Amino acid sequence: MLDFWHKRKVFDYLAIAQTEIRKGLKNEDRVEEALRILTAMGDIDHFYRCEKDGELDSQGIDFLVYLEPTRIIPLQVKSSEGGRFYHTNDGRYIPCVVVNRFMVPGEVADEILAELKRPVEPLEHRDEGFRNSLVQQLIRAFEKDRETSI
91 MLDFWHKRKV FDYLAIAQTE IRKGLKNEDR VEEALRILTA MGDIDHFYRC
141 EKDGELDSQG IDFLVYLEPT RIIPLQVKSS EGGRFYHTND GRYIPCVVVN
191 RFMVPGEVAD EILAELKRPV EPLEHRDEGF RNSLVQQLIR AFEKDRETSI
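Counting in the working numbering, the sequence shown runs from 91 upward without gaps.
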């Protein structure tokens with residue numbers, strides 16, 4: 091049986107998790123709005139938002155973006171540069187866009203287009219210098235997160 095202190099600690103962790111989930115869903119809503127803009131402008135053909143906790147979501151895919159009717163690119167949405175760092179460096183080759191509450195739909199749309207055009211290269215194909223710089227990239231990502239959260 092958990093004592094009061096441990097119950098309180100579990101409750102705090104659950105509250106933090108719920109806050110992060112809500113933040114992620116709001117950012118996915120921002121991306122959906124930006125994708126609607128890109129569809130209206132003709133930059134993409136259409137898109138599909140994956141079901142929460144569905145098969146694609148469990149593989150790190152939040153949206154399927156159809157650049158053309160037969161060309162599909164998966165897209166992951168993250169709320170921080172640190173989240174993107176972990177997503178892209180754990181062996182996933184899925185484009186990932188970072189969105190926060192300060193971004194307007196046009197900025198989100200630009201970020202999405204840039205990410206969809208960026209080549210994604212498997213980590214094992216990158217040179218030794220790149221692999222050695224991963225720690226510095228992580229530090230920069232967390233510093234950038236700290237700046238945007240202030």
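From the three backbone atoms N, C-alpha and C, an ideal C-beta is built for every residue, glycine too. Quick caveat: nothing in here was measured; it's all calculated off a predicted structure.
query	result
The beta strand (DSSP E) with residue 168 in it runs from where to where?	161–168
Roughly how many whole angstroms lie between the Cα atoms of residue 204 and residue 151?	17 Å
Please identify the residue among 206, 164 and 200 whose C-alpha is closest to the C-alpha of residue 127.	200
My understanding is that residue 169 touches residue 113, with C-beta atoms under 8 Å, so please give their C-beta distance in whole angstroms.	5 Å
Should residue 159 go down as buried or exposed, given a rule of 16 or more other Cβ atoms within 10 Å for buried?	exposed
Can you tell which of 185, 162 and 163 has its C-alpha closest to the C-alpha of residue 173?	185
In three-state terms, what does DSSP make of residue 191?	coil
In the DSSP assignment, what are the bridge partners of residue 153?	139 and 165
Assuming residue 121 contacts residue 189 under a Cβ cut-off of 8 Å, what Cβ separation, rounded to an integer in Å, is found between them?	6 Å
Measure the beta-carbon distance from residue 115 to residue 134 and round it to whole angstroms, keeping in mind my assumption that it falls under 8 Å.	The Cβ separation is near 22 Å, so there is no contact.
Decide if residue 130 is buried, meaning its Cβ has at least 16 other Cβ atoms within 10 Å, or exposed.	exposed
Considering Cα atoms alone, identify which of 177, 118 and 176 is closest to residue 154.	118
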